[in-house]
Amino acid sequence: MLKVTKEDALLYHSRGRHGKIEVIPTKPYCTQFDLSLAYTPGVAYPCLEIEKTPEDAYNYTAKGNLVAVISNGTAVLGLGDIGAMAGKPVMEGKGLLFKVFADVDVFDIEVNEKDPIKLIEFCRQIAPTFGGINLEDIKSPECFEVETELKKILDIPVFHDDQHGTAIISAAGLLNSLEITGKKIEDIRMVVCGAGAAAISCSRLYVSLGVRKENIVMADSKGVINKKRKDLNKYKQEFITGRNLDTLEQAVKGADLFLGLSTACIMTKEMLSSMAKDPIIFAMANPNPEISFEDAMATRDDMIFATGRSDYPNQINNVLGFPFIFRGALDVRASTINEEMKLAASKALAALAKEPVPDSVLKAYNVEKLIFGREYIIPKPLDPRLISCVAPAVAKAAMDSGVAKYPISEWNAYKKSLDRRLSVHIKKIADCSGV
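Following this line, the structure appears as C-alpha cells:
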C-alpha cells in the first residue's frame, strides 16, 4: 500500500476544482421552457402540492436522497477539537463516500457551535431540507445528548456514525470471531479500553447481541470504571464493574475480548499474553492501534486481530456501514434508525463474509484468495455486494419494527435498483484498480 504524504494529500484536495464534492442538476435546463419549469413560474405548482401534503416533498424534491453531514469540529478524526472549518475536509470526504458507495447525496454542514442545546436547535431548524442527518465528529459526552434529543423531536433518521458505525461493523466481526473460536457470546469476558462515544455505543450493541453486562470491564485514561470512582459521567456509570479491578493490566487477565478505542501502544505484549485462549483483539485506535500488528503477531498465534487500518487484515471500517444503512433507511422513508436496524446491518455484514469472494474484490486488493477465517472476518469495503446485502436488511428491519413509512414489496426489483445505483461508481473504481 502506498504511503500517504502531506504533499500528496494537499495536492489531492486542491488540484482542479477545489474540494471533493459538487452539486449537479438532475433535470433538463437547456431551453427557456426547461428553466420556466425549474424555477418561476413552474416551481409554484410543486410548492403548493407540498404545502397541502408535506410528504409530497419526497416526490417533488431531492429530500428523500439527501443527507446532512453535520459537525461542530470538536472531535475530528483523531485530530481532536480543531474547529468546524478545519473539519470540513473530513465532512466532504464523508459526502464522497456516501455518494460513491450508496448513491446518497450529501450537504456537509460545519457549525460553529459547541453548546449542545443550540446545536440541537440548529439541526431541528434545518431538518425539513433533508431525508436524514449524519452527526459527525462531535465530542463525548455532548454527542449523546445531541443525538438522543434529535431522535426524539425529528421524524427522519438521525445517526451519529462515530458511535454506531464502529459498533455495527465491529459487532459483525465479533459474531464471526465467536463462530471461528467456538466461544459463546454470553460467556465471554470483555475489556473495553476507552470510554468515549464509540466505546459506549459498541458496548451497548454487544449487550443487545448477548454479551452479559456483568462480563464487561471498561477503562478510561484514569483506570477501570469501578465503584471507587467519583468522577464518572452518567454514560460511564452505565458500565461500572462490580469486580475489584483498578488497572487495564488487571482487567485483561483472562479476558476473551479486548476492544480498543483509545490511544496507541497502551496494550503491552505481557497484557496480550495474559488473555484467555483464542483471544479476540479489536485494536482500533487511529492511526496506530493499542498494540501494533507486529507486536501482537510476535506474542501469540491463536488470536483474531482487527484494527481500523487498511494495511492489515480485518479492517473495521465505518464505510462498510453508514452508506448502506442510510440507503436502506431512506428507501423506506424510515422515521429513525433503531436498534433493530443496526443489528440487522451487523448480521448482514457477518453473513456476507462467509460467502465466496468475487474475483473483482481479489483483484482490487491484489490478493489471491479471501476465505472466511481468522484473517477475514468482515467484508472488504470495495465489495460491490455490500449495497444489495446491507441496505435491504436495514430496510426490512425498519419495516418489521414499524418505523418505515414507505414499505418495499418487490425485493428482487429493489436489489436490482441498488446494483444500478452503484454500477457507475464501482466501474470507475474497478477501472482505477485495473480490475
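1092 is the number that this note's numbering gives to position 398 of the sequence shown; each next residue is one higher, with no gaps.
All C-beta atoms in this analysis are idealised placements derived from N, C-alpha and C, irrespective of residue type, glycine included.
From a predicted model like this one, the values you see are computed outputs, not experimental measurements.
Note to self: Rounded to whole angstroms, what is the Cα-Cα separation between residue 1099 and residue 1022?
What the structure shows: On the sequence shown, position 405 is the one that residue 1099 refers to. On the sequence shown, position 328 is the one that residue 1022 refers to. The straight-line gap from Cα to Cα measures roughly 12 Å.
Note to self: Could you give the first and the last residue of the continuous beta strand (DSSP E) run that contains residue 884?
What the structure shows: Along the sequence shown, read from residue 1 onward, the residue named residue 884 stands at position 190. Residue 884 -> beta strand (DSSP E) spans 884-887.
Check: What's the C-alpha gap between residue 965 and residue 829?
Finding: Sequence index remark: in the sequence shown, residue 965 carries index 271 (1-based). Sequence index remark: in the sequence shown, residue 829 carries index 135 (1-based). Each residue's alpha carbon lies about 35 Å from the other.
Check: Whose C-beta lies closer than 7 Å to the C-beta of residue 1044 among residues of the same chain, with five residues either side of it excluded?
Finding: Numbered from 1 along the sequence shown, position 350 holds the residue referred to as residue 1044. 866, 869, 870, listed in sequence order.
Margin query: Distance check for residue 906 and residue 890, CA to CA, integer angstroms please.
Written below: One-based indexing of the sequence shown puts residue 890 at position 196. One-based indexing of the sequence shown puts residue 906 at position 212. If I take the Cα positions, the gap works out to 20 Å.
Check: Are at least three pairs of beta-carbons, each pair with one atom in the stretch 777-784 and one in the stretch 848-864, less than 8 Å apart?
Finding: no
Next item on the list: With a 10 Å radius around its C-beta and 16 neighbouring C-beta atoms as the bar for buried, classify residue 720 as buried or exposed.
Entry: Here residue 720 is taken as the residue at index 26 of the sequence shown, counted from 1. So residue 720 ends up on the exposed side.
Notebook entry, point to check: Are the beta-carbon atoms belonging to residue 955 and residue 992 less than 9 Å from one another?
Noted result: Taking the sequence shown and counting its residues from 1, the one referred to as residue 955 is at position 261. Taking the sequence shown and counting its residues from 1, the one referred to as residue 992 is at position 298. No.
Note to self: Whole angstroms are fine: how far does the CA of residue 1055 sit from the CA of residue 800?
What the structure shows: Position 106 of the sequence shown, counted from the start, is the residue given in the question as residue 800. Position 361 of the sequence shown, counted from the start, is the residue given in the question as residue 1055. Approximately 27 Å, taken between the alpha carbons.
Notebook entry, point to check: Where does residue 943 sit, in a helix, a strand or coil, going by DSSP?
Noted result: Translated into the one-based positions of the sequence shown, residue 943 becomes position 249. Three-state DSSP puts residue 943 in a helix.
Check: If you draw a straight line from the alpha carbon of residue 969 to that of residue 901, how long is it in whole angstroms?
Finding: Taking the sequence shown and counting its residues from 1, one reaches residue 969 at position 275. Taking the sequence shown and counting its residues from 1, one reaches residue 901 at position 207. Each residue's alpha carbon lies about 21 Å from the other.
Notebook entry, point to check: Roughly how many angstroms lie between the CA atoms of residue 893 and residue 857, to the nearest whole one?
Noted result: Taking the sequence shown and counting its residues from 1, the one referred to as residue 893 is at position 199. Taking the sequence shown and counting its residues from 1, the one referred to as residue 857 is at position 163. If you take the alpha carbons of residue 893 and residue 857, they lie about 8 Å apart.
Notebook entry, point to check: Given that a residue counts as buried once 16 or more other Cβ atoms are within 10 Å of its Cβ, and exposed if not, what is residue 1008?
Noted result: Translated into positions along the sequence shown, residue 1008 becomes position 314. The residue is buried, with at least 16 neighbouring Cβ atoms inside 10 Å.
Item checked: Residue(s) in a DSSP beta bridge with residue 765 -> If you number the sequence shown from 1, residue 765 lands on position 71. The partner list for residue 765 (beta bridge, DSSP) reads 804.
Next item on the list: Assuming residue 1042 and residue 1083 form a contact by the criterion Cβ under 8 Å, report the distance between their Cβ atoms to the nearest whole angstrom.
Entry: Start at 1 with the first residue of the sequence shown, and residue 1042 comes out as number 348. Start at 1 with the first residue of the sequence shown, and residue 1083 comes out as number 389. Residue 1042 to residue 1083, Cβ: 5 Å. Contact.
Notebook entry, point to check: In three-state terms, what does DSSP make of residue 733?
Noted result: Here residue 733 corresponds to residue number 39 of the sequence shown, with the count starting at 1. The answer is coil: DSSP assigns residue 733 none of H, G, I, E or B.
Check: Are the beta-carbon atoms belonging to residue 765 and residue 831 less than 9 Å from one another?
Finding: Counting from one through the sequence shown, the residue named residue 765 turns up at place 71. Counting from one through the sequence shown, the residue named residue 831 turns up at place 137. Cβ atoms of residue 765 and residue 831: closer than 9 Å.
Check: Helix, strand or coil for residue 798 per DSSP?
Finding: Here residue 798 refers to the residue found at position 104 of the sequence shown. Three-state DSSP puts residue 798 in coil, outside helix and strand.
Notebook entry, point to check: Quick one: what's residue 914 bridged to in DSSP?
Noted result: Translated into the one-based positions of the sequence shown, residue 914 becomes position 220. According to DSSP, which records beta bridges pairwise, residue 914 is partnered with 917.
Next item on the list: Starting from residue 854, follow the beta strand (DSSP E) in both directions and report where the run begins and ends.
Entry: The residue labelled residue 854 in the question sits at position 160 within the sequence shown. First-last of the beta strand (DSSP E) with residue 854: 852-854.
Next item on the list: Enumerate in chain order the residues of its own chain whose CB-to-CB distance from residue 1029 is below 6 Å, with the five nearest sequence positions on each side excluded.
Entry: Reading the sequence shown from its first residue, position 335 is the one you call residue 1029. So the list reads 849, 1097, once near-sequence residues are dropped.
Checklist line | Sufficient close CB pairs (3 or more, under 8 Å) joining the stretch 913-931 to the stretch 872-881 | finding: no
Next item on the list: Using only alpha-carbon positions, find the residue among 805, 810, 749 that is nearest to residue 824.
Entry: In the sequence shown, counting from the first residue as 1, residue 824 sits at position 130. Cα-wise, what sits closest to residue 824 is 749.
Check: What residue does the beta strand (DSSP E) around residue 828 start on, and which one ends it?
Finding: Walking along the sequence shown from the start, residue 828 turns up at place 134. Start and end: 826-829.
Check: How close, in whole Å, do the beta carbons of residue 1085 and residue 1102 come, if the pair is a contact with beta carbons under 8 Å?
Finding: Taking the first residue of the sequence shown as 1, we reach residue 1085 at position 391. Taking the first residue of the sequence shown as 1, we reach residue 1102 at position 408. About 10 Å; that fails the 8 Å criterion.
Note to self: Once DSSP output is grouped into helix, strand and coil, what is the label at residue 1001?
What the structure shows: Here residue 1001 corresponds to residue number 307 of the sequence shown, with the count starting at 1. Strand at residue 1001.
Notebook entry, point to check: To the nearest whole angstrom, what separates the beta carbons of residue 864 and residue 1010, a pair I think is in contact under 8 Å?
Noted result: Along the sequence shown, one-based indexing puts residue 864 at 170. Along the sequence shown, one-based indexing puts residue 1010 at 316. Correct: roughly 5 Å between the Cβ atoms.
Next item on the list: Quick one: grab the DSSP three-state call for residue 1016.
Entry: Within the sequence shown, numbered from 1, the residue matching residue 1016 stands at position 322. Three-state result, residue 1016: helix.
Check: Among 1094, 789, 908, 994, which residue has its Cα nearest to the Cα of residue 1141?
Finding: The chain is shown from 695 up to 1129; residue 1141 falls before or after that span and cannot be answered.
Margin query: Can you tell me whether residue 916 is buried or exposed? The criterion is at least 16 other CB atoms within 10 Å of its CB, across all chains shown.
Written below: If you number the sequence shown from 1, residue 916 lands on position 222. The residue is exposed, with fewer than 16 neighbouring Cβ atoms inside 10 Å.
Next item on the list: Taking 8 Å as the threshold, find out whether the stretch 908-923 comes into contact with the stretch 933-953 through three or more Cβ pairs.
Entry: yes
Check: How would you label residue 1006, buried or exposed, when you count the other beta carbons within 10 angstroms and need 16 or more for buried?
Finding: Here residue 1006 is taken as the residue at index 312 of the sequence shown, counted from 1. Burial call: buried.
Next item on the list: Kindly indicate which residue of 919, 959, 885, 700 has the alpha-carbon position closest to the one of residue 973.
Entry: Start at 1 with the first residue of the sequence shown, and residue 973 comes out as number 279. For residue 973, the nearest C-alpha among the options comes from 885.
Notebook entry, point to check: Does the stretch 791-805 come within contact of the stretch 760-775, defined as at least 3 CB pairs closer than 8 Å?
Noted result: yes
Note to self: Contact defined as beta carbons within less than 8 Å: I believe residue 959 pairs with residue 985. What is the distance between those atoms, to the nearest angstrom?
What the structure shows: The residue labelled residue 959 in the question sits at position 265 within the sequence shown. The residue labelled residue 985 in the question sits at position 291 within the sequence shown. The Cβ separation is near 7 Å, so the contact holds.
Check: Can the beta-carbon of residue 1066 be found closer than 9 Å to that of residue 1048?
Finding: Residue numbering aside, residue 1066 sits at position 372 when the sequence shown is read from its first letter. Residue numbering aside, residue 1048 sits at position 354 when the sequence shown is read from its first letter. Yes, the pair counts as a contact, with Cβ atoms nearer than the cut-off.
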